[in-house]
Amino acid sequence: MDLFIEGDPIADTKAPEGPIETRWDRRRFEAKLVNPANRRKMTVIVVGTGLAGGSAAATLAEQGYQVKSYCYQDSPRRAHSIAAQGGINAAKNYRNDGDSVHRLFYDTVKGGDFRSRESNVHRLAEVSVNIIDQCVAQGVPFAREYGGLLDTRSFGGAQVQRTFYARGQTGQQLLLGAYQALERQIGLGNVEMNARHEMLELIIVDGKARGIVVRDLVTGEITTEMADAVVLASGGYGNVFYLSTNAKGCNVTATWRAHRKGAYFANPCYTQIHPTCIPVSGDHQSKLTLMSESLRNDGRVWVPKAKGDDRAPRDIPEDERDYYLERIYPSFGNLVPRDIASRAAKNVCDEGRGVGPTKLGVYLDFADAINRLGRKAIEAKYGNLFEMYERITGEDPYEVPMRIYPAVHYTMGGLWVDYDLQSTIPGLFVIGEANFSDHGANRLGASALMQGLADGYFVLPSTIANYLASGPFDKVEASHPAVVEARADVEDRIQRLLAVDGDRTVDSFHRELGQIMWEHCGMERSEAGLRKAIDEIRALREQFWQRVRVPGDGEGLNQSLEKAGRVADFFELAELMCIDALHRGESCGGHFRAEHQTPDGEAQRDDEHFAYVAAWEYTGTGEPSVLHKEDLKFEYVHPTQRSYK
Amino acid sequence: MNLTLRIWRQKGPEDKGRMVTYQVDDVSPDMSFLEMLDVLNERLILAGEEPVAFDHDCREGICGMCGLMINGDAHGPQRGTTACQLHMRQFSDGETIDIEPWRARAFPVIKDLVVNRNAFDKIIAAGGYITAPTGSAPEAHSTPVAKANADAAFESAACIGCGACVAACPNGSGMLFTAAKVTQLSLLPQGQPERYTRVIGMVDAHDEAGFGGCTNAGECTVVCPKGIPLNTIGRLNRDYLAATAKRGDTPGT
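If you read the protein sequences in the order shown, they are chains A and B.
Heads up: the first sequence runs through residues 1 to 645, numbered per UniProt numbering.
Heads up: the second sequence runs through residues 1 to 253, numbered per UniProt numbering.
This is the structure in structure tokens:
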């Protein structure tokens, strides 16, 4: 293929050897420490204030480092982790239902369709129990039983009840816990908080990440910020699809700029399409809203058995309904993992059995649960979600079944990191959704919150010390050529975006890019489609730089300029996603290639040829990227055909 | 439907600002309020005008970033709803809609409909937390919490920090925001050790930030998109009274 070049494999992930349950302990013991007096002399930059970034910044400051924190929102409390609804997994086994660290590890590796690194996932499962303790101590108001102890519930891809939750607002409550810990450190003067600031470039000096170039979104001022290490916690890139459940501002710029400077980007094609979102209502649609996966505990998914059945849902008799998840997957039923539930919804809609005005929808019906448990019980569990649904659609889900359809929700890919969460650039660490590390080709529900907080509270603060132990590094002046150049690149790019003064808006380009990606790099991908998408993306990218119109100037608050920079980076990422999807000639997790399916339509993995992480090295826009493979070894969980039947 | 919008335009903090009238046609009732503003902005950009700046992010009612005075109501006419979750089916064809920023001394305007709410962060930094450095936590089940208290704490913790309470208050008070956090943390056993220093720190920070005092007007709770109850302020006052008594002060001095 002319689209990429194969380079050397990745030889070392720094994961320790030995029995898996001892590896994290051993890594921590072998890691170098920084004495408290030296921590005060070192500065760490943390970009992003979601669960990963907020918890990392607070914890590093508690340990005594000087921390500089950045977010594009007006307050660190608004990062998009706040919108996570369902819950957070932890191997506490409070239910005595057979859960354990090993089972959480096993479920996560299997759920990721055997495309994640065993050592990392085991560490995640170990740390999960500490997260719950930490959050309870902070006053996170988790749901409780009458005896005062914590309640848990089931989530997709698991047969134990290990998901802790705070009604449908778990992400909000966990984030506010981290945010409050961060604010405490801000109040104590240990963290310099820079809200409404966006990172636009990474600064590398003598091969090490030493700072970032940021734009103050209020004044337009460009500054260079230096540190001993840089942590990116800037989230995922689902907004490359334009329509997704991400917040409008979510973007790939921080990680993409680092990629352009040498950090490998791993598995960019692994995208999670969440099965339960509110369907698109028209061309004006600006984002999609998720309905928590927890709804599948009590809601039953169905479509009419007959094509083109236009009757109102309550007029369709029971024996003319197809509860297709329960039919195809009797053992997991409505609780199959997300990738499987999404593709099943797509299949029934492709067959012409979709519901609602666009026919791109399936029912999620609570009538049985309301009959069984009573309306009150359903209200207590899901009240806020039902209200949200009614506000958006104007329909009452207590009376009429919800209509749902899959939407882009999470990206498993991200910057490649080793076991220490360090990228291929020394001193650049990547945590949370921004890295690729723990979810393989499909993330299980309630695992994103677990990973974000594991990385931020527990993993990074240990591993970054090993790097900083060789610091403090020589001070870098603003006049250093590498700093001057990074800053000039940012200024030049802003001027170029403003100078085009064309005839199309940024949003119109973003929407069109999103349509290409959804069509060809969404729930089902094929070689012909991906090749077509790559051509279309390149042509549209060229148009963008000739025809985009960014009003105003760079001197103050200019939301069009912010969007333009982000969309320009999405264009480059989109191409790499398609190349990655094209090269991976197998189906796994969220990556479904039409050419690679079992006779009954399930994903067909090819472990012989593709049991590796694809880490891409940037060589220039339009130039072929270099593929570095990290072979995945499975010593504890034997790869099998994933079955939820 | 066709609408007339009268929108507050202000180039920057120093600009005086004014209402400007725009016509927006072919609005779908299924659009959200912010999607309707997107349509206007796309048109303004193509016409060579500056689009209207407004804050927004999650567009699902949880991040608290959006905030508009719509016809004089914080977040608009539908109760329990943020501006991003407000849909155009709440309005009728031919209507004129006034759109303004939050107006409060503690929330200066940055541009158009965008204000600076940094004062809220300062209130939290002054005590809106439980001191529990990472790694120090005991086993989660060592601290049972009565379900009623846990549920009430959750109810207060649902605050999204949007600032509607301040915008609606005739005094520009941030007391509902402050009381929501005080209530959440003082209902939980983990929050007891700092209960009284917390309330004093937060109330002092609130006053320093330029928020007005609470006179129990109750407008805040009416517009609150998360339904934070007014009795949280009563709880704050009781804790504040107890705290000042413990400190040996006379309340109010």
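Beta carbons: idealized from backbone N, C-alpha and C, even for Gly.
For clarity, every value in this text was computed on a predicted model and none was experimentally measured.
C-beta neighbour in chain A for Thr-253/B, strict 8 Å: In this predicted model, Thr-253/B has a pLDDT of only 46, less than 50, meaning its place in the structure is not dependable; the value taken from the coordinates is given anyway. So, not an interface residue.
Inter-residue Cα distance where the pair is Asn-384/A and Ala-84/A: Near 13 Å, if we compare the C-alpha coordinates of Ala-84/A and Asn-384/A.
Hey, would you say the C-beta of Phe-332/A is under 7 Å away from at least one heavy atom of the ligand FMN? Ligands are entirely absent from the displayed structure, and the ligand FMN is therefore not among its contents.
Residues that Lys-248/A contacts on chain D, provided the C-beta gap is smaller than 7 Å: Checking the listed chains, one finds no chain D in this structure; the protein chains it contains are A and B.
Grouping DSSP H, G and I as helix and E and B as strand, with all else coil, what is Pro-275/A? strand
For the stretch 219 to 230 of chain A and the stretch 477 to 491 of chain A, state whether three or more C-beta atom pairs, one from each stretch, are separated by less than 8 Å. yes
Out of Ile-370/A, Ala-166/A, Tyr-146/A, which one is the CA nearest neighbour of Arg-153/A? Ala-166/A
What is the rounded straight-line gap between the Cα of Glu-320/A and the Cα of Arg-327/A? If you take the alpha carbons of Glu-320/A and Arg-327/A, they lie about 13 Å apart.
Cut-off 8 Å between Cβ atoms - residues of its own chain near His-480/A, not counting five sequence neighbours on either side: Answer for His-480/A: Val-205, listed in chain order.
Can you name the residues of chain A whose CB is closer than 8 Å to the CB of Gln-23/B? Going along chain A, no residue has its Cβ under 8 Å from Gln-23/B, so there is no contact; the nearest lies around 17 Å.
Pro-406/A in three-state terms, based on DSSP: DSSP places Pro-406/A in strand when its eight states are reduced to three.
Please identify the residue among Arg-314/A, Val-484/A, Ile-273/A, Glu-524/A whose C-alpha is closest to the C-alpha of Leu-444/A. Ile-273/A
With DSSP as the reference, please indicate the residues paired to His-87/B in a beta bridge. Ser-32/B
Quick one: list the residues of chain B neighbouring Arg-167/A, beta-carbon separation under 7 Å, in chain order. Phe-154
At least one CB of chain B closer than 8 Å to the CB of Val-136/A: is that the case? Yes, contact with chain B.
In chain B, which residues lie less than 7 Å from Thr-505/A when you measure between Cβ atoms? Glu-42, Ile-45, Leu-46
Could you work out which residues of chain B lie near Pro-551/A, taking near to mean beta carbons separated by less than 9 Å? Residues of chain B passing the Cβ test: Leu-44, Ile-45, Gly-48, Glu-49, Glu-50, Pro-51.
Distance cutoff 8 Å, beta carbons only. Does His-80/A sit that close to anything in chain B? yes
Name the one or two DSSP bridge partners that Trp-616/A has. Paired residue(s): Phe-265/A, Leu-627/A.
Please name the residue in Thr-411/A, Met-402/A, Glu-512/A whose C-alpha comes closest to that of Glu-433/A. If you compare the alpha carbons of Thr-411/A, Met-402/A, Glu-512/A with that of Glu-433/A, the shortest gap goes to Thr-411/A.
Can you name the residues of chain B whose CB is closer than 8 Å to the CB of Gly-148/A? Pro-144, Val-145, Ala-146, Lys-147, Ala-150
Taking the DSSP output, what are the residues bridged to Lys-208/A? DSSP lists Val-205/A as partners of Lys-208/A.
Identify, in the order they occur along the chain, each residue of the same chain with its Cβ nearer than 6 Å to the Cβ of Gln-185/A, setting aside the five sequence neighbours on each side. Ala-58, Ala-61, Val-191
So with CB distances below 7 Å, who are the chain A contacts of Pro-193/B? Within chain A, no residue comes near Pro-193/B; the closest Cβ sits about 12 Å away, beyond 7 Å.
Using 8 Å for Cβ pairs, my map puts Gln-73/A next to Gly-249/A. What's the rounded Cβ distance? 7 Å
To test your reading of the DSSP string, which unbroken alpha helix (DSSP H) runs of 4 or more residues are found completely within the stretch 454 to 478 of chain A? 460 to 468
For a test of the three-state rule: what should DSSP assign to His-75/B, helix, strand or coil? His-75/B falls in the coil class under three-state DSSP.
Is it right to say Thr-279/A is buried, meaning 16 or more other beta carbons lie within 10 angstroms of its own, or is it exposed? The sequence given here has Pro at residue 279/A, not Thr. By the 10 Å Cβ count, Pro-279/A comes out buried.
Using a Cβ-Cβ cut-off of less than 9 Å, list which residues of the stretch 296 to 311 of chain A approach chain B; keep chain order. none
In its own chain, which residues sit with a C-beta less than 7 Å from the C-beta of Cys-277/A, not counting the 5 before and 5 after it? Thr-245, Leu-288, Thr-289, Leu-290, Met-291, Ile-404, Tyr-405, Pro-406, Ala-407
May I have the straight-line CA-CA distance separating Gln-641/A from Ser-526/A, to the nearest angstrom? 21 Å
With Ala-233/A and Gly-427/A assumed to form a contact (beta carbons below 8 Å), what rounded beta-carbon distance in angstroms separates them? Contact annotation, Ala-233/A with Gly-427/A: C-beta distance approximately 15 Å; criterion of less than 8 Å not satisfied.
Met-31/B versus chain A: which residues are under 7 Å apart at the beta carbon? His-284
By a C-beta neighbour count over all protein chains shown, 10 Å radius and 16 as the cutoff for buried, is Pro-439/A buried or exposed? Here residue 439/A turns out to be His, not Pro, going by the sequence shown. So His-439/A counts as buried.
With burial defined as no fewer than 16 other Cβ atoms inside 10 Å of the residue's Cβ, what is the status of Asp-12/A: buried or exposed? Its Cβ having fewer than 16 others within 10 Å, Asp-12/A is exposed.
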